[in-house]
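Right, one structure below, let's go through it.
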Amino acid sequence: MNVDNYPHNLKILSWAEEDRPREKLMLKGKSALSDAELIGILIGSGTISMSAVDLAKLILNNVDNNLNELAKLSLQDLKKFKGIGEAKAISIMSALELGRRRRESEGPKKIRITSSNDVYDLMAPHLLDLMHEEFWVILLNRANTVIKKVQVSAGGVAGTVADPKIIFKIALENLSSGIILVHNHPSGNLMPSQADKDITRRMKEAGKLLEIPVLDHVIFADKSCFSFADEGIL
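This is the structure in structure tokens:
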């Protein structure tokens with residue numbers, strides 16, 4: 006498409022204020038702007054015959070309105086458009102590079118717990134092959150999505166300490182809607198001890214008072230796990 010043959014458009018300053026990209030962003034938020042309007046803000050000014058937004062539309066049209074294709078254009082490619090000098094081309098390239106880096110820096114996908122198997126898979130990197138006991142708590146939101154997992158204590162071969170005050174302090178600080186208790190048995194014996202049953206009962210009672218229910222207590226061994234919830238003894 007030849008820029009010189011592009012139809013005449015009014016300059017942005019002659020538009021209604023709520024339609025100008027910068028003003029529109031301030032009034033309606035960034036999500037209200039089109040790709041062309043956002044690029045128009047980066048460009049800042051257009052040419053005699055077209056506004057910055059129309060110039061942005063022209064550029065997008067040349068890449069089939071595909072931002073991924075736009076990101077592939079070089080500095081020289083962008084400078085071929087009349088009205089795009091080196092500074093404007095660099096602004097466009099910098100914004101697209103920031104978007105790429107943001108995608109790369111996004112954290113891991115949130116994990117939702119739907120079964121004791123999910124708990125086993127989540128905790129395996131931490132508890133597999135350990136020769137001592139550790140006690141962990143998994144903090145969940147209302148959708149049973151993991152907020153974080155926290156090691157509460159580590160002990161010897163025969164046991165470890167789980168203090169309800171510490172566990173629910175962590176849960177309250179992280180605004181948890183529910184928790185799952187997890188500890189491992191290095192011996193491989195999955196059956197809960199009397200101490201395991203007692204701590205589960207105390208945790209459950211404390212959770213009721215604080216409205217942070219204990220959804221499960223999972224005993225972890227190298228090849229499988231025991232779930233209080235699955236066994237109906239929570």
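The numbers in our numbering rise by one with no breaks, and the one at position 195 of the sequence shown is 200.
All residues carry an ideal CB built from backbone N, CA and C; glycine is no exception.
Just so you know, these numbers come straight off a predicted model, no measurement behind them.
DSSP assignment within the segment 122 to 165 yields no whole alpha helix (DSSP H) run of 4 residues or more. Under the 10 Å beta carbon count, residue 138 is surrounded by 16 or more other beta carbons and is classified as buried. Rounded to whole angstroms, the Cβ separation of residue 61 and residue 41 is 4 Å, and the two are in contact under 8 Å. Taking 9 Å as the cut-off, the beta carbon of residue 201 is found closer than this to the beta carbon of residue 224. Residue environment for residue 177: exposed (fewer than 16 other C-beta atoms within 10 angstroms of its C-beta).
Exposed is the label assigned to residue 166, since fewer than 16 other Cβ atoms lie within 10 Å of its Cβ. Taking the Cα of residue 143 as reference, the smallest distance to any Cα among 28, 133 and 128 is reached at 128. Distance from the CA of residue 97 to the CA of residue 47, rounded to the nearest whole angstrom, comes to 6 Å. Distance between residue 118 and residue 230, taken at the CA atoms: about 15 Å.
In the three-state DSSP reduction, residue 96 falls in the helix class (H, G or I). Using a Cβ distance threshold of 9 Å, residue 183 and residue 239 do not count as a contacting pair. Per DSSP, residue 71 is not a residue of any alpha helix (DSSP H), being assigned neither H nor E. Nearest to residue 209 by C-alpha distance, out of 194, 233, 191 and 124, is 233. In the three-state DSSP reduction, residue 225 falls in the strand class (E or B). Distance from the Cα of residue 196 is smallest, within the candidate group 212, 226, 206 and 74, for 226. Leaving aside the five residues that flank residue 44 on each side, the residues in its chain whose CB is nearer than 6 Å to its CB run, in chain order, 61.
Of 53, 76, 217 and 58, the smallest CA-CA separation from residue 29 is found for 58. Taking residue 180 as reference, the option from 186, 193 and 147 with the minimal CA-CA separation is 147. DSSP places residue 231 in no alpha helix (DSSP H) but in the uninterrupted beta strand (DSSP E) bounded by 230 to 232.
Pairing residue 159 with residue 141, the inter-Cα distance amounts to about 9 Å. Per DSSP, the unbroken alpha helix (DSSP H) holding residue 204 starts and ends at 199 to 215.
Secondary structure of residue 25 (DSSP, three-state): coil.
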